[in-house]
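Number of protein chains: 2
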Amino acid sequence: MKVVIVGGGAGGMSTASNIRRLDKDAEITVITRDENVAYSPCAIPYVLSGKISSFDDIIMKTPEDYKEVNIDVLIKSEVTAVDSSKKTVTYENADGEKTIDYDKLVLATGGNPFVPPMEGVDLEGVFQIRNIEDGRKVQQWAKTSKSAVVTGAGLIGIEIVFALKELGLNVTLSEMMPQIVPRSLDSDMADILTGYLKMENIHVMLGEPITKLEGEDGKVKKAYFGDGSCIDADMVILATGVRPELELAKMAGCDIGRWAILVNEKMETSVEDVYALGDCVESQDLILQANTISHLGTTAVRESKTLARTITGKKSNFNPVLNAMVSKVGKLEFGAVGLTSSFAQQNNIKPIVEKVEALTRARYYPNAKPMDIKIICDCNGRIIGCQIIAEERVAERIDTMTLAITQGLSCFELSNVEFAYAPPVSMVTDPLVLAVEEVSKKFN
Amino acid sequence: MKVVIVGGGAGGMSTASNIRRLDKDAEITVITRDENVAYSPCAIPYVLSGKISSFDDIIMKTPEDYKEVNIDVLIKSEVTAVDSSKKTVTYENADGEKTIDYDKLVLATGGNPFVPPMEGVDLEGVFQIRNIEDGRKVQQWAKTSKSAVVTGAGLIGIEIVFALKELGLNVTLSEMMPQIVPRSLDSDMADILTGYLKMENIHVMLGEPITKLEGEDGKVKKAYFGDGSCIDADMVILATGVRPELELAKMAGCDIGRWAILVNEKMETSVEDVYALGDCVESQDLILQANTISHLGTTAVRESKTLARTITGKKSNFNPVLNAMVSKVGKLEFGAVGLTSSFAQQNNIKPIVEKVEALTRARYYPNAKPMDIKIICDCNGRIIGCQIIAEERVAERIDTMTLAITQGLSCFELSNVEFAYAPPVSMVTDPLVLAVEEVSKKFN
Ligand SMILES: Cc1cc2nc3c(=O)[nH]c(=O)nc-3n(C[C@H](O)[C@H](O)[C@H](O)COP(=O)(O)OP(=O)(O)OC[C@H]3O[C@@H](n4cnc5c(N)ncnc54)[C@H](O)[C@@H]3O)c2cc1C
Ligand SMILES: Cc1cc2nc3c(=O)[nH]c(=O)nc-3n(C[C@H](O)[C@H](O)[C@H](O)COP(=O)(O)OP(=O)(O)OC[C@H]3O[C@@H](n4cnc5c(N)ncnc54)[C@H](O)[C@@H]3O)c2cc1C
Numbered sequence: 001m002k003v004v005i006v007g008g009g010a011g012g013m014s015t016a017s018n019i020r021r022l023d024k025d026a027e028i029t030v031i032t033r034d035e036n037v038a039y040s041p042c043a044i045p046y047v048l049s050g051k052i053s054s055f056d057d058i059i060m061k062t063p064e065d066y067k068e069v070n071i072d073v074l075i076k077s078e079v080t081a082v083d084s085s086k087k088t089v090t091y092e093n094a095d096g097e098k099t100i101d102y103d104k105l106v107l108a109t110g111g112n113p114f115v116p117p118m119e120g121v122d123l124e125g126v127f128q129i130r131n132i133e134d135g136r137k138v139q140q141w142a143k144t145s146k147s148a149v150v151t152g153a154g155l156i157g158i159e160i161v162f163a164l165k166e167l168g169l170n171v172t173l174s175e176m177m178p179q180i181v182p183r184s185l186d187s188d189m190a191d192i193l194t195g196y197l198k199m200e201n202i203h204v205m206l207g208e209p210i211t212k213l214e215g216e217d218g219k220v221k222k223a224y225f226g227d228g229s230c231i232d233a234d235m236v237i238l239a240t241g242v243r244p245e246l247e248l249a250k251m252a253g254c255d256i257g258r259w260a261i262l263v264n265e266k267m268e269t270s271v272e273d274v275y276a277l278g279d280c281v282e283s284q285d286l287i288l289q290a291n292t293i294s295h296l297g298t299t300a301v302r303e304s305k306t307l308a309r310t311i312t313g314k315k316s317n318f319n320p321v322l323n324a325m326v327s328k329v330g331k332l333e334f335g336a337v338g339l340t341s342s343f344a345q346q347n348n349i350k351p352i353v354e355k356v357e358a359l360t361r362a363r364y365y366p367n368a369k370p371m372d373i374k375i376i377c378d379c380n381g382r383i384i385g386c387q388i389i390a391e392e393r394v395a396e397r398i399d400t401m402t403l404a405i406t407q408g409l410s411c412f413e414l415s416n417v418e419f420a421y422a423p424p425v426s427m428v429t430d431p432l433v434l435a436v437e438e439v440s441k442k443f444n
Numbered sequence: 001m002k003v004v005i006v007g008g009g010a011g012g013m014s015t016a017s018n019i020r021r022l023d024k025d026a027e028i029t030v031i032t033r034d035e036n037v038a039y040s041p042c043a044i045p046y047v048l049s050g051k052i053s054s055f056d057d058i059i060m061k062t063p064e065d066y067k068e069v070n071i072d073v074l075i076k077s078e079v080t081a082v083d084s085s086k087k088t089v090t091y092e093n094a095d096g097e098k099t100i101d102y103d104k105l106v107l108a109t110g111g112n113p114f115v116p117p118m119e120g121v122d123l124e125g126v127f128q129i130r131n132i133e134d135g136r137k138v139q140q141w142a143k144t145s146k147s148a149v150v151t152g153a154g155l156i157g158i159e160i161v162f163a164l165k166e167l168g169l170n171v172t173l174s175e176m177m178p179q180i181v182p183r184s185l186d187s188d189m190a191d192i193l194t195g196y197l198k199m200e201n202i203h204v205m206l207g208e209p210i211t212k213l214e215g216e217d218g219k220v221k222k223a224y225f226g227d228g229s230c231i232d233a234d235m236v237i238l239a240t241g242v243r244p245e246l247e248l249a250k251m252a253g254c255d256i257g258r259w260a261i262l263v264n265e266k267m268e269t270s271v272e273d274v275y276a277l278g279d280c281v282e283s284q285d286l287i288l289q290a291n292t293i294s295h296l297g298t299t300a301v302r303e304s305k306t307l308a309r310t311i312t313g314k315k316s317n318f319n320p321v322l323n324a325m326v327s328k329v330g331k332l333e334f335g336a337v338g339l340t341s342s343f344a345q346q347n348n349i350k351p352i353v354e355k356v357e358a359l360t361r362a363r364y365y366p367n368a369k370p371m372d373i374k375i376i377c378d379c380n381g382r383i384i385g386c387q388i389i390a391e392e393r394v395a396e397r398i399d400t401m402t403l404a405i406t407q408g409l410s411c412f413e414l415s416n417v418e419f420a421y422a423p424p425v426s427m428v429t430d431p432l433v434l435a436v437e438e439v440s441k442k443f444n
């Protein structure tokens, strides 16, 4: 079996490794435009900030490592054509153009950063962050910069702006929407995070898009906002989201949904022997039972397990997603899973919500930190979302809530579940239980 | 409605507060032998070690605070008799003896530390740790001691021995069984913890009971072991478990099980209008569907919610327990839930187990710590136990596993569940998922 995988990101490389684990004989070729494979883009902000000492550290494996398990990785190679009737793929690299056959084709083409339509985006000093090369350029440019503007206050924007602040730059985070992290947090929770960013000397501009960038000698110098104000910017980072890369999928004749490639729960596209995963596909939203986008490394990795089983003839279904996410900026950890209350409303679900402030340890234990928890239920009490912010112990609580939501638990049911306790690590009634107990009261 | 509660520990005081929340008019009286109520015995080791500065800090509420919500708390008062036909309770305190009526009686009498039969237990310098008064005595005695022996290597024993070590004493932890924490950890996991304790200069004696304590001028000086060896001991702590306090329950005519008072899922004893909870009752084991003992503050607190609802005429069932526990000694956090593999075997369940070593953060992220995880499944792959040891992020993972076990998930099912990821807080495939994936392979 000849498997050709386009894209050497989390989706492509995990698929290759997982197929190899299940099938010793498959001929596996990964073709990718990038120079590096098997690194974690998620780590780029932490290299920028200096927490991780070098970009080389985040590269987990080289093409040679893959060679050892008999996986061919062609780097710096652009796939330019797919013919799904002839079952061929054409790619170009320094050696010229070549067309190869496949039995199974995997599209793991990821996405490209969205470039908002604004004057001046072509100036030097304007960056996107998608891969290590982008990271290196930003790192280099930052060395001679005094000020930076990051536009787009999703996870990546926030991590990057914090990293640049830690490098000593004067930084501004600009977001078109009236709050940060609009996809994952409700505004009351986002405000807590905004307060922290401001305290850390990050200038936050909400509800104003950047309209124009202005330069000097071809280098960016100023950013102008909708309200006419203007700010110094020796560098600008566009963190305004990712647009799935769909060219090859279209060429292959795959059905495309509202945002990305359509796949079924086996990760099959509409075209026989063509599969897709990662940032270039649509997922099912567990709660809305409708298509959604899940631009998460975790999603790509889980999908790769299903895809590898499908290709090797084994059974596996990829489950609908809840988009559980977590991040840490400075001292603050924040995470979310499921629907925000505003997103629920937009989808005609009347959310019943409660927000509590608990502590990360027993009240009397030194360094107990406040923990803000928001719980969102539907009108039957079924938990449909959770958001948490604290200086510690957020990530795993999000995981517990992900499991609770996956299992369809109500707030009443979760308030009866056992939680472990010791004074240095929790409260005798866990913060999550306090939160679900509070929201339960709204149903009396 | 006149409610009389015997015992001012976690069980008694939580019951009082929860009844008050549900019923503004109930007459609630708590009678307790102790001087302090509403403190956390769980915090005693951390006051001893100096982490928490004083015993006063761990007292959350005084009798006067309860008075404000119209709960009468009689301290230093011993209940000496219960008459469940006349529905009266007799108690004695400095003011003499008094008999009062009840409509509903709650037995929250907890337990007494088990004193192993050995010569010399009456010497000065031999302590048990159950309440603040015990804690103060130990703190005082430790000031003039050079060496200490703690016997019994359950949670409390380990926390206490570590605390005394932090005070600078030469300490020995002695356990009759061939491993520490036999109730919650399998020996391979216990060995990791033992290794850490030894590294921290705690002398660990396994498989040897103390046979005799020897004193000078009535004060303990030496402890002798089964193998004839002997060790200096200016103080000895008996941490050999708790025996439920059953006197009053017997007087009331309540059915007693193998270990403690029998209650149903409403927390009713066999005697009408007599209820019981906490360390003095038996619980149901979720996996074995048999009675068990759950000497945990968390269990008492959860039981109090059901009990309060029962007494006020509301519906609520107390669920079977998994005895989820967690502790932190020095840098190491350890936790467990469900059955150990050896306990499963003893109960004729053939355990399928796997132990993995993962990391608490992405491999390349600074200060990623090893995390040891053991998963125990039954022969159908259903998860029945989990044990985790690491320097961080253990407690909430235990909670996630508690929820998974409560929901009856198999290792196959859990390996498909979503987990949140960011490099500073987890691995792209969560340690728990790695562990359940590994154990899943044993079913192929
Ligand atoms: C800065 C940053 C931080 C992040 N943080 C987190 C986090 O903390 N947690 C989390 O879960 N996720 C995080 N993510 C998201 C996560 O990294 C992505 O969801 C994941 O990388 C998607 O993997 P993929 O394989 O689908 O796409 P990609 O990683 O984008 O890989 C696609 C690959 O396909 C190649 N390609 C595309 N078209 C062609 C072609 N025609 N020919 C050859 N090659 C082609 C691309 O060059 C690329 O190498 C972060 C992302 C970024 C950028
Ligand atoms: C050192 C230590 C550390 C612990 N750590 C943890 C931990 O980290 N996590 C956890 O979940 N659990 C922990 N526990 C266990 C937890 O504290 C107990 O499970 C919990 O206190 C039980 O509550 P209770 O109300 O049933 O009993 P108790 O707290 O023992 O209260 C019983 C009360 O009844 C009184 N009483 C009994 N008989 C009479 C009578 N005849 N008249 C008047 N009064 C009477 C007693 O004096 C006592 O005040 C720890 C316990 C100890 C001792």
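Chain order of the listed sequences is Y and S.
Heads up: the first sequence is residues 1 to 444, going by the UniProt record's numbering.
Heads up: the second sequence is residues 1 to 444, going by the UniProt record's numbering.
Virtual Cβ for every residue (Gly too), placed ideally from N, Cα, C.
Everything numeric in this text was worked out from a predicted model, so none of it was measured.
Per-residue contacts from residue i into chain Y (C-beta, under 7 angstroms)
| i | result |
| --- | --- |
| residue 397 of chain S | 396 |
| residue 319 of chain S | 416 |
8 angstroms Cβ cutoff, residue i in contact with chain Y
| i | result |
| --- | --- |
| residue 325 of chain S | yes |
| residue 423 of chain S | yes |
| residue 370 of chain S | no |
| residue 180 of chain S | no |
| residue 57 of chain S | yes |
| residue 393 of chain S | yes |
| residue 366 of chain S | yes |
| residue 67 of chain S | no |
| residue 377 of chain S | no |
Residue i: contacting residues in chain Y (beta-carbon distance under 9 angstroms)
| i | result |
| --- | --- |
| residue 322 of chain S | 418 |
| residue 301 of chain S | 421, 428, 429 |
Top-ranked residue by Cα proximity to residue i, from the options
| i | options | result |
| --- | --- | --- |
| residue 217 of chain Y | Y/161, Y/261, Y/125 | Y/125 |
| residue 350 of chain S | S/385, S/364, S/142 | S/385 |
| residue 188 of chain Y | Y/354, Y/404, Y/441, Y/434 | Y/354 |
| residue 242 of chain Y | Y/440, Y/130, Y/113 | Y/113 |
| residue 102 of chain S | S/94, S/120, S/83 | S/83 |
| residue 200 of chain S | S/167, S/232, S/186, S/175 | S/167 |
| residue 284 of chain S | S/80, S/276, S/277, S/293 | S/293 |
| residue 59 of chain S | Y/364, Y/387, Y/22 | Y/364 |
| residue 240 of chain Y | Y/173, Y/143, Y/274, Y/231 | Y/173 |
For residue i, three-class secondary structure by DSSP
| i | result |
| --- | --- |
| residue 306 of chain Y | helix |
| residue 400 of chain S | helix |
| residue 343 of chain S | helix |
| residue 14 of chain Y | helix |
| residue 41 of chain Y | helix |
| residue 358 of chain S | strand |
| residue 66 of chain Y | helix |
| residue 207 of chain S | coil |
| residue 147 of chain S | strand |
Beta carbon proximity, residue i to chain S, threshold 8 angstroms
| i | result |
| --- | --- |
| residue 404 of chain Y | yes |
| residue 426 of chain Y | yes |
| residue 388 of chain Y | no |
8 angstroms contact criterion, which residue i and residue j should meet: CB distance rounded
| i | j | result |
| --- | --- | --- |
| residue 153 of chain Y | residue 325 of chain S | So it is not a contact: roughly 40 angstroms between Cβ atoms. |
| residue 352 of chain Y | residue 417 of chain Y | So it is not a contact: roughly 19 angstroms between Cβ atoms. |
Distance cut-off 7 angstroms: residue i Cβ against heavy atoms of ligand 3
| i | result |
| --- | --- |
| residue 340 of chain Y | In the structure on display, ligand 3 does not appear, and the ligands it does have are ligand 1 and ligand 2. |
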